[in-house]
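Q: These protein sequences, in sequence, are chains A and B. For the record, in the first sequence the residue sitting at position 33 is 417 according to my numbering, with numbers rising by one throughout. For the record, in the second sequence the residue sitting at position 279 is 260 according to my numbering, with numbers rising by one throughout. Think of the CB as a built atom: it goes at the ideal place given N, C-alpha and C, for glycine as much as any other residue.
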Amino acid sequence: MAILEEISEMVQKGKAKDVVALVNQALEQGLLAQEILDKGLLKGMSELGVRFKNNEVFVPEVLIAARALNQGSAVLKSKLVEEGAKTVGTVVLATVAGDLHDIGKNLVRMMMEGVGLTVVDLGVDVPDDKIVEAVKEHNPDIVALSALLTTTMAQQDSVIKALQTAGLRDKVKVMVGGAPITQSFCDKIGADAYTPDASSAAELAKSLALAN
Amino acid sequence: MLSPKDNFLETIRSDGKPDRLVNQYEPIAMVLPDPILIHTRGGVARGKTFIDPWGVTLVWPEDQPASAPFHTEENRVIKDIVNWRNELRIPDSPAVSVGWDETAERVAKIDRSRYLATVLMPTGIFERTHFLMGFEAALTDMLLEPEAYADLCDAILETRIRIAEILIDKLKPDAVLSHDDWGMKTSLFMSPDAWREFFKPRYKKLYDYIHSRDVLVIHHADSFLEPIVPDMAEIGIDVWQGALPQNDIARLQKELDGRMALMGGLDSAYLDRPDSTEEEIRIEARRACESYGPGGHFIPSTTYGVPGDTIYPHIDQIVSDEIERYNKEVFHIS
């Protein structure tokens, strides 16, 4: 459908007003909200994610596209409920305790939302017990942890141990990321997955959630 | 054997003849703090929240190595870029009059025949905008409100030129170490075109001014900057400090052909861990020396923006020791 292509294109260009108008138009044409979401909004964000990974577009373009995506999604929200649509999965996301950095985490959130995941963003400097509580409350498929500093990376290990103690470790996949994080660190602390950038994190989270 | 300073100067000169690799920041004698730094950052302390003279809230958690801006919807200084002139009061840091004599006395004690007296200019134009607005707002406003964003950059630039002027007038340094991080480990924050639009001409103006005073420019950005590296040489950066190994340093050395020296090659975020082993650190330091040393105009160093700043002090010491070993083996200099 041409209109879905157009929605995808406008998401990539970050044209929020155009996205909202086109989404409304698509609904008036009788398209299902799920179809508009998957083949219009999320397709646009997914294509942008690939271009971001290839260094063809940069953080500002992703930010304004995410804004357009969110405004378009808001129009669809009630329709999606009526249609009984299911999300791809849920992620509890946090920058670990002691670490105030939010840039990487926020990019991951936008990219994850861009592949259709529901993200519960707990913010920065999040204590282990708050993450454990959020897992109990939201029953996510994935816990994604960010740490930018070598002094806070060990906190990712601490969160995993807290999940174990709470008897929740087997119920979720734990993803880790951040500047000092490596695959070997991920293996060492017993996390399930490490990704080096936001778009890879989103793609992997989606496949983990779908496999769950 | 050349002095650390002369060896540094030979390393950064396009036709220079250094007698060994410069060992990290060895030739750099930082003038820290100076009165402007005390004015802008003097209240920053571990375990404390500090509001700097620009109105930015900086938080330094007790167990962390440095402070960072902490933004909420309420505390952002600039909430509407179009209205920034009404929201921001730019502090008159260059007018600070106290402490210059004491600082100049410290500068006078530096052996200038062996070391470069170097002043620090932290929080560059881009960093200042995201300190003021929050990171996401700075980057989106760059795209959505380019005129207002550029206008704000001009105002910050004007202050930085005045700060450079007063630092040079009062302290007569050999070099300025100027900080502005423009990217992440694998990409720039903004497109190369956006960088060229907002930052390149302004930094050229600042660095032209610093050069007009016969002072060297060391620019710190521990980022992936490959797409703009030739531009960085064009705007007069003498040394790019923070060249992460995620950049193709060997290729850049060939491309630059001595127009700008590269300092780094050792990723601090990878090395500066409590569990880094001596062997691991030595292997990485040796790799940087062997991979990039022969290409010339390269200074092996961790990628932090001030000397000796590793969180775990043994990292810095082992890196320096390994560079010294390399110099002994390859250049027979002890």
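1. Which complete beta strand (DSSP E) runs does the segment 73 to 121 of chain B hold, if anything under 3 residues is left out?
2. Anyone know if the C-beta pair for residue 157(B) and residue 196(B) falls short of 7 Å?
3. Let me check one thing: in DSSP terms, what residues is residue 9(B) bridge-paired to?
4. Under 8 Å between beta-carbons, which chain B residues line up against residue 395(A)? List them in chain order, please.
5. Between the segment 442 to 449 of chain A and the segment 164 to 180 of chain B, are three or more C-beta pairs nearer than 8 Å?
6. How is residue 247(B) classed by DSSP in three states: helix, strand or coil?
7. Can you have a look at residue 525(A) and say buried or exposed, based on whether 16 or more other CB atoms are within 10 angstroms of its CB?
8. Given this structure, state the Cα-to-Cα distance separating residue 387(A) from residue 177(B), to the nearest angstrom.
9. Beta carbon of residue 282(B): closer than 6 Å to some heavy atom of the ligand ADP?
10. Identify whether residue 391(A) lies in helix, strand or coil by the three-state DSSP scheme.
11. With a cut-off of 8 Å on the beta carbons, I'd call residue 241(B) and residue 218(B) a contact; round off their distance for me.
12. What residues of chain A sit near residue -16(B), judged by a beta carbon separation below 9 Å?
13. Answer yes or no: do residue 159(B) and residue 213(B) have a C-beta to C-beta separation smaller than 7 Å?
14. What residues in the segment 32 to 55 of chain B bring their beta carbon closer than 7 Å to a beta carbon of chain A?
15. Span of the alpha helix (DSSP H) holding residue 65(B)?
16. Cβ closer than 9 Å: which chain A residues qualify as neighbours of residue 124(B)?
17. For residue 487(A) and chain B, any beta-carbon pair shorter than 7 Å?
18. Does residue 500(A) come within less than 7 Å of chain B when only Cβ atoms are used?
19. Just how far apart, CA to CA, sit residue 0(B) and residue 194(B)?
20. Quick one: is residue 511(A) near chain B, going by C-beta distance under 7 Å?
21. Compare the Cα-Cα distances from residue 478(A) to each of 471(A), 413(A), 491(A) and report the closest residue.
22. If we count Cβ pairs, one from each stretch, closer than 8 Å, do we get three or more for the segment 450 to 458 of chain A versus the segment 469 to 478 of chain A?
23. Identify, in the order they occur along the chain, each residue of the same chain with its Cβ nearer than 8 Å to the Cβ of residue 544(A), setting aside the five sequence neighbours on each side.
24. Would you identify the three-state DSSP class for residue 31(B), choosing helix, strand or coil?
25. Can residue 420(A) and residue 407(A) be called in contact, C-beta distance under 7 Å?
26. Quick one: grab the DSSP three-state call for residue 163(B).
27. Can you name, in chain order, every residue of its own chain whose Cβ lies under 6 Å from the Cβ of residue 112(B), other than the five neighbours on each side?
28. Starting from the C-beta of residue 235(B), find all residues in its chain whose C-beta is less than 8 Å away, skip the five residues before and the five after it, and write them out in chain order.
29. Just to make sure I have the definition right: I need the residues of chain A whose C-beta is within less than 9 Å of the C-beta of residue 29(B). Which are they?
30. Hey, is residue 171(B)'s beta-carbon within less than 7 Å of any beta-carbon in chain A?
31. Please report how far the alpha carbon of residue 278(B) lies from the alpha carbon of residue 8(B), in whole angstroms.
32. Going by DSSP, name the residue or residues bridged to residue 429(A).
33. For the segment 243 to 272 of chain B, which residues have a beta carbon sitting closer than 7 Å to at least one beta carbon of chain A?
34. Just verifying my parser: in three-state terms, what is the DSSP assignment at residue 50(B)?
35. Assuming residue 35(B) contacts residue -15(B) under a Cβ cut-off of 8 Å, what Cβ separation, rounded to an integer in Å, is found between them?
36. List the residues that DSSP assigns as beta-bridge partners of residue 530(A).
A: So, from the data block:
1. Complete beta strand (DSSP E) runs here, min 3: 97 to 102.
2. Contact: yes.
3. Answer by DSSP bridge pairing, in chain order: 97(B).
4. Those do not exist, as residue 395(A) stays about 15 Å from chain B at its closest Cβ, beyond 8 Å.
5. These segments touch.
6. DSSP, read as helix, strand or coil, puts residue 247(B) in strand.
7. By the 10 Å Cβ count, residue 525(A) comes out buried.
8. So the two alpha carbons sit approximately 35 Å from each other.
9. No copy of the ligand ADP appears in this structure; indeed no ligand is present at all.
10. Helix at residue 391(A).
11. About 5 Å separates the two Cβ atoms, so the contact holds.
12. Listed along the chain, the chain A residues whose CB falls inside 9 Å of the CB of residue -16(B) amount to none; the nearest CB is some 34 Å away.
13. Between residue 159(B) and residue 213(B), the CB-CB gap reaches or exceeds 7 Å.
14. Listed by position along the chain: 40, 42, 44, 45, 46, 49, 51.
15. Residues 65 to 68.
16. Under the 9 Å cutoff, chain A gives 398, 444, 445, 447, 448.
17. With 7 Å as the cut-off, residue 487(A) counts as an interface residue toward chain B.
18. For residue 500(A), not one C-beta of chain B is nearer than 7 Å to its own C-beta.
19. Straight-line Cα distance between these residues: approximately 28 Å.
20. Judged by the 7 Å Cβ criterion, residue 511(A) is not in contact with chain B.
21. Selected option, being the one with the closest Cα: 491(A).
22. Short answer: they don't touch.
23. Once the five neighbours on either side are set aside, the close Cβ partners of residue 544(A) are 553, 558, 573, 574, 575.
24. Residue state, collapsed to three classes: strand.
25. Yes, these two residues count as a Cβ contact at 7 Å.
26. DSSP places residue 163(B) in the coil class of the three-state scheme, outside both helix and strand.
27. Counting only Cβ-Cβ distances below 6 Å, and skipping sequence neighbours, we find 37, 50.
28. Answer for residue 235(B): 276, listed in chain order.
29. Chain order gives no chain A residues near residue 29(B), where near means a beta carbon separation below 9 Å; the closest approach is about 14 Å.
30. For residue 171(B), a Cβ of chain A is located within less than 7 Å of the residue's own Cβ.
31. Taking the straight line from one Cα to the other gives about 15 Å.
32. DSSP, once it has assigned bridges, lists no residue as partnering residue 429(A).
33. Considering only beta carbons, the part of the segment 243 to 272 of chain B lying closer than 7 Å to chain A consists of 250, 251, 253, 254, in chain order.
34. Strand at residue 50(B).
35. Contact between residue 35(B) and residue -15(B) fails: their C-beta atoms lie close to 36 Å from each other, not under 8 Å.
36. Answer is 479(A), 561(A).
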